[in-house]
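Structure first, then comments.
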Ligand code: ADP
């Protein structure tokens, strides 16, 4: 097994990886910017290296400095976490060119799934159902004819898209050219690429994603689904495993489709295949070739440590279990505790004056904050993740209610008050919500 791993990330996910390494007897190297010298991931790692100034482009995305940090400390492998360099195929190439191991999928698969048109065409050929649409690039000249064929409303999406950017709906022919130009402008600004494609805009879907793991010996398993329908501006805020909308048979079916497709592809490592789900049918939207923020809910219901498996797989070890050994037990919910206003989601960086985490059976709190910690304004606003697990969804909601009431994060605004309301909402209690539910709810509150 690796003796030393460098974690090319910060915040709660850096801690998550450090924890897995510690339990595996692997030494850890943290990297940090000058703004993060007193961050928790730096304190908990065995060694740390400052890789640059606060701006991520000069620190957490600074490839030469990160490679140099490995060389100085003798780290043999890099875990990229999520965000930053985790889906950067060029980085994965550079890592292996330096004789180091990238803990993640093969660069060709990162590249393939990073381009949404290529991804969609690839998975379609592998038997995964996709959203009806252009299946390829859309030119301004072809757009009207294509939209008519697909049927309005249609969604214009950036092929380089991510984080919900470069995505615009056209309800009818009159809105099409404005939606196209807006999506292109946004995509060009965010990704330097204004290529767009077109999909049927589904009216009331749920977002359901399948977690997969694949080892270097051809074995692929799935860890069931996560329902991430509660979103604001296409950003997930609350995630569940399993989905209140799926039964065990549907889970086995879609899980089987995903594992067979990735077997054919020769995929390696952890990944998530994301779908929209409407009227009993799945429609692929994208694949994430990395660990995801919401991975703990799958860990809760399967008992499998996904980060540990990523590290073992990167080393070349065979997975110690098969699909038939994976048992789904109970229900889990994650709430993203962001340093933001709970209703407008305006960032609220600052100093944490009070901090108390909930405990008890089935409660997990993953974060990198502490009392007296100053949240820097340079990075994303995720301050922690509250994950609760119980025998069934009802008990899980009751446990979540109690855990949220125990949680104290003082000195900054957080999303805790929003979750305290959501957990008491009849639609949420009944599991009756689509990807539009949260925005409508916020609008009904006057936001
Ligand atoms: P990104 O990579 O920017 O997050 P995704 O393709 O994953 O983009 O889509 C993000 C979210 O946008 C989905 O979870 C869903 O809420 C919405 N969305 C994407 N495609 C469609 C579609 N065809 N119809 C309706 N909503 C969609």
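Numbering (the numbering used here), first residue to last: 4 to 450. C-beta atoms are modelled at their ideal positions from N, C-alpha and C, and glycine is treated no differently. Treat the numbers as computed from the prediction; the structure is a model and nothing was measured.
| Check | Outcome |
| --- | --- |
| Contact check, residue 66 vs residue 94, beta carbons under 8 Å | yes |
| Span of the beta strand (DSSP E), counted from its first residue to its last, around residue 170 | 168 to 173 |
| Pairwise C-alpha distance: residue 263 and residue 209 | 23 Å |
| Any non-hydrogen atom of the ligand COA within 7 Å of residue 170 CB | Looking for the ligand COA in the displayed structure turns up nothing; the ligands present are the ligand ADP. |
| For residue 200, the residue or residues it bridges with in DSSP | 160 |
| Segment limits, beta strand (DSSP E) that includes residue 230 | 223 to 235 |
| Distance between beta carbons of residue 241 and residue 233, contact taken as under 8 Å | 4 Å |
| Limits of the unbroken beta strand (DSSP E) element including residue 94 | Looking at the DSSP string, residue 94 is not in any beta strand (DSSP E); the run it does join, the alpha helix (DSSP H), is 92 to 100. |
| Residue range of the alpha helix (DSSP H) that includes residue 258 | 251 to 268 |
| heavy atom of the ligand ADP below 7 Å from residue 289 C-beta | yes |
| Among 68, 238, 213, the one whose alpha carbon lies nearest that of residue 226 | 213 |
| Which of helix, strand or coil DSSP assigns to residue 45 | helix |
| Residue closest to residue 333, alpha-carbon to alpha-carbon, out of 440, 76, 396, 97 | 396 |
| Residue 328 versus residue 128: straight-line alpha-carbon distance, rounded | 29 Å |
| Cβ contact (3+ pairs, closer than 8 Å) linking the stretch 97 to 106 and the stretch 131 to 143 | no |
| Option nearest residue 314 by Cα separation, candidates 14, 12, 21, 15 | 21 |
| CB of residue 418 within 8 Å of CB of residue 339, strictly | yes |
| Same chain, Cβ closer than 6 Å to residue 211, neighbours up to 5 away in sequence not counted | 228, 230, 246, 278, 280 |
| C-beta contact flag for residue 175 and residue 84 at 8 Å | no |
| Where the alpha helix (DSSP H) containing residue 85 begins and where it ends | No alpha helix (DSSP H) holds residue 85; DSSP gives it neither H nor E. |
| Reference residue 9; option with closest CA among 30, 236, 260 | 30 |
| Alpha-carbon to alpha-carbon, residue 375 and residue 124 | 49 Å |
| Where residue 72 falls, given that 16 or more other Cβ within 10 Å makes a residue buried | buried |
| Bridge partners - residue 290, DSSP secondary structure assignment | 276 |
| Residues near residue 59 in its chain [Cβ-Cβ closer than 8 Å; skip 5 each side] | 36, 87, 381, 382 |
| DSSP three-state assignment for residue 180, whether helix, strand or coil | helix |
| Nearest to residue 160 (by Cα), restricted to the options 90, 358, 237 | 237 |
| Any non-hydrogen atom of the ligand ADP within 7 Å of residue 438 CB | yes |
| Segments of 4+ residues assigned as alpha helix (DSSP H) that fall wholly inside the stretch 91 to 156 | 92 to 100, 110 to 117, 119 to 128, 143 to 153 |
| Collapsed DSSP secondary structure at residue 397 in the structure displayed | helix |
| Contacting residues, own chain, Cβ-Cβ under 6 Å from residue 425 (five flanking each side not counted) | 431 |
| C-alpha distance - residue 38 paired with residue 54, whole-angstrom precision | 11 Å |
| Local Cβ density within 10 Å of residue 392, reported as buried at 16 or more and exposed below that | buried |
| Proximity to residue 298 [Cα-Cα], best of 324, 239, 450, 377 | 239 |
| Residues bridged to residue 341 [DSSP beta-bridge criterion] | 385 |
| Residue 312 - DSSP class collapsed to helix/strand/coil | helix |
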